[in-house]
Every structure is written in C-alpha cells, then in structure tokens.
Amino acid sequence: MKDENCIFCKILAGDIPSYQIYEDDDFKVILDVGPASRGHALIIPKEHYKNLYELPEELAAKAFVLGKKLITALTEILGCDGYNLVQNNGEVAGQTVDHFHLHLIPRYEGDDARVGWNPGSLDPSEAEELMALIKSDPAFS
Ligand code: 5GP
Ligand code: ZN
0 MKDENCIFCK ILAGDIPSYQ IYEDDDFKVI LDVGPASRGH ALIIPKEHYK
50 NLYELPEELA AKAFVLGKKL ITALTEILGC DGYNLVQNNG EVAGQTVDHF
100 HLHLIPRYEG DDARVGWNPG SLDPSEAEEL MALIKSDPAF S
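Structure representation (structure tokens):
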C-alpha cells in the first residue's frame with residue numbers, strides 16, 4: 000500500500016534519497032532531514048498508514064519494540080544522555096507528514112532540542128468531570 004503523494008512513500012521506494020540506518024521486513028529507519036538533535040531518526044513502516052489510529056496493532060507493537068532496540072544501541076554509538084520517542088497524530092499535534100512515523104530523538108546534556116509542553120495544573124473538579132466522562136465508556140470501566 001503506497002500513496003503517490005506521500006514523501007515517505009517516495010523515500011521508501013528510493014525515488015527520493017535518504018540516509019537509511021536500518022531496515023527489516025516491516026520498517027525502514029532514516030535520519031531526519033530537519034533534526035532536533037544529532038542523530039534524530041525516524042522509524043517508518045514500509046506500508047502507508049496515515050497515523051497511529053490507522054496503523055495495525057501488530058505494527059504499532061513492533062515499532063515500539065524496534066524503538067527500544069535501536070535507542071539501546073544508538074545511545075552507546077552516539078554517546079547521548081537520554082532519548083525522546085515522539086509520535087505526532089494530526090496537524091494540531093504537529094504531524095506534518097501523513098505517513099506514520101516514530102521519532103527517535105537523542106538528548107544531550109545542555110542541548111537545545113525542544114520536546115515538551117508547559118505543565119498546567121489538574122483542577123480537581125475537571126479531574127472529576129474527566130473521570131466520569133472516560134469511565135462512562137465501556138473501554139474504561
Ligand atoms: P512530523 O512533524 O510529521 O511528526 O515529522 C515529520 C518529520 O519528517 C520532520 O521531523 C521532518 O524533518 C521530516 N522530514 C520531512 N521531509 C523529509 C524528507 O524528505 N527526508 C527526511 N529524511 N525527513 C523528512
Ligand atoms: Zn506514505
């Protein structure tokens with residue numbers, strides 16, 4: 000399954016060059032062209048799925064297991080001090096390429112990579128309202 004308008008499908012097909020650091024039956028892993036930090040890479044499934052909502056559960060599980068394997072090796076190789084695994088779904092969440100991908104972002108003491116948010120505070124009445132709302136769904140009860 001490919002999407003002819005998708006930049007990652009074009010990269011996977013070899014029509015657009017990339018720096019590929021890893022490949023298996025299900026995924027290619029490439030260096031991000033706009034890295035947040037030195038060694039920022041992307042795990043990309045070979046089949047086109049728009050986002051995590053559309054990704055089959057089996058591939059979602061495999062992507063995370065692969066992420067664990069790769070960051071374990073890459074932490075040694077790169078000499079980084081930690082890792083962010085980031086995965087955006089929807090434009091509002093920062094997704095710019097509509098082909099599922101998992102960011103592997105090495106973190107170094109003192110780097111200026113920005114992966115975060117401004118913490119709010121959980122208001123008790125909002126928490127109660129959220130609990131009632133979520134727990135009313137059979138998936139959470
Ligand atoms: P998103 O914002 O969708 O979570 O992440 C998309 C990522 O894809 C960005 O970090 C961006 O730098 C990267 N990207 C976009 N186009 C290309 C490309 O042509 N080649 C590579 N290697 N990365 C790309
Ligand atoms: Zn695609």
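Sequential numbering from 0 applies to the sequence shown in numbering that gives the first Met the number 0.
Cβ coordinates follow ideal geometry from the N, Cα and C atoms, glycine included.
Going by the C-beta, is residue i closer than 7 angstroms to any heavy atom of the ligand 5GP?
i	result
residue 30	yes
residue 19	no
residue 13	no
residue 89	no
residue 54	no
residue 33	yes
residue 74	no
residue 96	yes
residue 93	yes
residue 10	yes
residue 41	yes
Give me the DSSP bridge partner(s) of residue i.
i	result
residue 104	83
residue 29	19 and 41
Once you ignore the five residues that flank residue i on each side, which residues in its own chain have a CB closer than 6 angstroms to its CB?
i	result
residue 2	8 and 47
residue 134	140
residue 38	77 and 105
Using 8 angstroms as the threshold, is the C-beta distance between residue i and residue j below it?
i	j	result
residue 77	residue 103	no
residue 65	residue 26	yes
residue 97	residue 49	yes
residue 43	residue 73	no
residue 15	residue 40	no
residue 83	residue 114	yes
Keeping to the same chain, check which residues put their C-beta closer than 7 angstroms to that of residue i; ignore five residues upstream and five downstream.
i	result
residue 36	104, 105, 106, 107, 110 and 112
residue 87	93 and 94
residue 51	59, 86, 88 and 99
residue 6	15 and 96
residue 75	none
Compute every distance between the C-beta of residue i and the non-hydrogen atoms of the ligand ADP, then say whether any falls below 7 angstroms.
i	result
residue 102	Ligands in the displayed structure: the ligand 5GP and the ligand ZN; the ligand ADP is not one of them.
*Who sits around the ligand ZN, taking every residue whose Cβ is closer than 6 angstroms to one of its heavy atoms?*
The set, ordered by position in the chain, is 2, 5, 7, 8, 47 and 98.
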